[in-house]
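Have a look at the structure below before the remarks.
In the numbering used here, the protein residues as written are 1366 to 1598.
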């Protein structure tokens, strides 16, 4: 274990033998950090927080602080972060609330860029890219392989489906279906995230099927029931 002499690690924290902690970082009680994780300088991690293997957490990140919810009264809630994530400078990820199920969750292999805020009770999947200054309000769900451009924001309780793409500055105030490309304020579907699907190995037939579904749902002027009926034909 490599802990800088200026770092403060609470006796109640549990760190794997090869975890690195940089200068002036503070690791609180009830923090668990698995093998291979590197904590940069000036990072603050409050518990209860569990962090998996092989994460890279850069300077000035704040993880596991109390939720920014005025109803929170000090109840025991947690933050859980998976494996292989990159968490860049000044990222803030808060613990959950009792009302939201008690936990904020971040999956595996995510690329979380500078100044991203992930609020209480959010659930972020795997293999996402959250560009600089993305803001997720409370209770937001982000599916696997989602890409969000810089300064995009998601209103509380909204869901962004797997493989969706949100353009820079998109303001999302409703659910985003899987595979869609959204942009604008307030963000609306602008098409299928074809380039993203190609990068992830979707073949032409699967992409064509998704495009047919998109046209039926968003371009044909059909009700949801009629669109479902057409797609079932």
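Heads up, the beta-carbon is just placed ideally off N, CA and C, and yes, glycines get one too.
Around residue 1579, the same chain offers 1557 as residues with beta carbons nearer than 6 Å, after the five sequence neighbours per side are excluded.
For residue 1560, the enclosing alpha helix (DSSP H) has its first and last residue at 1559-1564. If the five residues before and after residue 1491 are omitted, its C-beta is found closer than 6 Å to the C-beta atoms of 1472, 1473, 1474 and 1509, all from its own chain and listed in chain order. As the crow flies, the alpha-carbon of residue 1561 is around 10 Å from that of residue 1545.
The residue among 1394, 1470 and 1369 with its C-alpha nearest the C-alpha of residue 1505 is 1470. The residue among 1485, 1452, 1479 and 1554 with its C-alpha nearest the C-alpha of residue 1463 is 1485.
In the structure shown, residue 1584 adopts helical secondary structure according to DSSP, grouped into three states. Residue 1515 sits away from residue 1532, with the two beta carbons spaced by 7 Å or more. Going by beta carbons, residue 1443 and residue 1425 fall outside the 7 Å limit. In the assembly as shown, residue 1501 is a buried residue. Its beta-carbon has 16 or more other beta-carbons within 10 Å. Residue 1412 is positioned such that its CB atom lies no closer than 7 Å to that of residue 1440. The beta carbon of residue 1418 is closer than 6 Å to those of 1399, 1400, 1401 and 1448 in its chain, skipping five residues each way along the sequence.
Judged by their CB atoms, residue 1512 and residue 1481 are not nearer to each other than the 7 Å cut-off.
Note on geometry: alpha-carbon atoms of residue 1587 and residue 1494 lie some 33 Å from one another.
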